[in-house]
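I have placed the structure first, in the form of structure tokens, so that the comments after it can refer back to it.
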Amino acid sequence: MKTFVKLKQYGKQAALAVPLLALQTGNAFATGGKGIPKMDAPSRGEGAGIMETIKNYGYDIATLLGLLACCWAFFVVAGSAIETFREVRAGKKTWGEFGMICGVGVGLLIVIIWLITKATDML
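Note that the sequence shown covers residues -30 to -1, 1 to 93 in mature numbering (1 follows the signal peptide of the UniProt record, and there is no 0).
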């Protein structure tokens, strides 16, 4: 019985949501895109033609992907350091091993940032 009451409540919410969604969609089409901001040019400029502009946007995308890879590496290093710290507190590892994990992690992050910088310079 409780399940039926919950389904009935969800049905009422869906019945209200559909007309509101239709109203918002109709309003978006009625304005004709007025008030929408212009798209920014890529960081290297728009270029002489469409292909050069696409290449410049590709450069920005490659830079963004490199930054995302660096963020992922940072989270992996941080997770490893936290796990090692937890094991040090439990007595399974030593402080020297924790320091080694942190030192190697920082070194890896420096190398990754350097490689991303070199890669964006080559593009």
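All C-beta atoms in this analysis are idealised placements derived from N, C-alpha and C, irrespective of residue type, glycine included. Computed from a predicted structure; not experimentally measured.
What separation, rounded to the nearest whole angstrom, lies between the Cα atoms of residue 25 and residue 90?
-> 13 Å
Mapping DSSP to helix, strand and coil, what is residue -6?
-> helix
Work out the CA separation of residue 50 and residue 154 for me, nearest whole Å.
-> In the structure as shown, the chain starts at -30 and stops at 93, and residue 154 therefore has no counterpart that could be examined.
For the candidate residues 34, 33 and 83, whose alpha-carbon lies nearest to that of residue 43?
-> 83
Buried or exposed: residue 75, going by 16 or more other Cβ atoms within 10 Å of its Cβ?
-> buried
What's the C-alpha gap between residue 54 and residue 11?
-> 45 Å
Per DSSP, what kind of secondary structure is residue 97 in: helix, strand or coil?
-> There is no way to answer for residue 97, as the model of the chain reaches only from -30 to 93.
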